[in-house]
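First comes the structure, then the notes that go with it.
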Amino acid sequence: MLNDLPADKLAGLRAKFIQRLAQRADDMQAAQLALQNALASGPQAMAEPAQTLQRLAHSLKGAALQYDMPALSAQAAQVESQFAQWQSAGLVGDAQPLISLATGLISACRALTAS
Amino acid sequence: MGNAGGAEPLTRIMCVEDDPDIRELLQMALEDLAGFELHLAEDAETGLSQVQGYAPQILLLDVMLPAMSGPEALPQFRQLTQEFGTRIIFLTAKASQRARSEFIELGADEVLFKPFDPVTLGDTLSSLWDNWQA
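Residue numbers (the numbering used here), protein chains in the order written: chain P, 685 to 799; chain S, 26 to 159.
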């Protein structure tokens, strides 16, 4: 009975994590939209939303792994890594593949909350 | 911090972690399961404003935080907790010996990697604390 206690609690927290994926998706979508709106303005305007997206992806990567969702974690890691590389390169080049990656991650989060 | 002759048990921990799901897991692990007094802050600035009032024995500090990162905040946390002898541990997803060495060189007392085991995290921190007290 006592050994079940952590498992029950963990299951409850995992359910909460999945529910909260909707908020993570909303936050990432807001940053993605800000990034898209900033594309025409250049790297300086793009820096903050790009950094926000990277941080949100990083956060999701860690939390998903912590809650035993390795596929979602790997997808978030890819978004984080691509955005980090893009920022290191000075935010130059085509941003659309990165924005598409973020779209995929946002969709994955929404699909999990819907299921 | 403790008396010259006696080791003080670990009772009081502060965590600076921006992710709400990880904060809940830390609360379960350290408060519910391990029975520590726990204070949670969701960013470095909040943590810095509260750390002296709480005077934790161990500060668990996430690396990637909004606005000010864990490494950026470390010198200020160290200065604010000097009189309490607080041990500062980074909590990071960058699980490698190289990353550990880099964070220790920055001034952390120890580095723990994510994902952590919520069932044993309390024991891990207690063991570290006991070793530091010895």
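Beta carbons are placed, not taken as given, at the ideal position from N, Cα and C, and that holds for glycine.
- Residues of chain S with a Cβ closer than 8 Å to the Cβ of residue 704 of chain P are, in chain order, 45, 46.
- Checking the DSSP bridge columns, you'll see residue 40 of chain S partnered with S/65, S/85.
- The DSSP assignment places complete alpha helix (DSSP H) segments of no fewer than 4 residues inside the stretch 104 to 136 of chain S at 122 to 131, in order along the chain.
- Going by DSSP, residue 730 of chain P is part of the alpha helix (DSSP H) stretching over 727 to 750.
- For residue 147 of chain S, the enclosing alpha helix (DSSP H) starts and ends at 146 to 158.
- Cβ-Cβ distances below 8 Å link residue 727 of chain P to 774, 775, 776 in the same chain, with the five nearest sequence neighbours on each side left out; the list follows chain order.
- Secondary-structure assignment with DSSP links residue 138 of chain S through a beta bridge to S/117.
- With fewer than 16 other beta carbons inside 10 angstroms of its own, residue 123 of chain S counts as exposed.
- In chain order, 762, 763, 766 place their CB closer than 8 Å to the CB of residue 785 of chain P, counting only its own chain and leaving out the 5 sequence neighbours on each side.
- In this structure residue 736 of chain P does not touch residue 768 of chain P by the C-beta definition: roughly 13 Å separates them, more than the 8 Å allowed.
- Closer than 8 Å to the CB of residue 50 of chain S there is at least one CB belonging to chain P.
- Scanning chain S for C-beta atoms nearer than 9 Å to the C-beta of residue 713 of chain P yields nothing, as the closest lies near 18 Å away.
- The beta carbon of residue 698 of chain P sits closer than 8 Å to the beta carbons of 751, 752 from its chain, once the five residues preceding and following it are set aside; these are given in chain order.
- Here residue 87 of chain S has 41, 42, 43, 95, 116 as same chain residues with Cβ atoms under 7 Å from its own Cβ, once five neighbours each way along the sequence are excluded.
- Taking a 10 Å sphere around the C-beta of residue 107 of chain S, we find fewer than 16 other C-beta atoms and assign the residue as exposed.
- Taking the C-beta atoms as reference points, residue 39 of chain S is found nearer than 8 Å to residue 81 of chain S.
- In the structure shown, residue 775 of chain P falls within a coil segment according to DSSP collapsed to helix, strand and coil.
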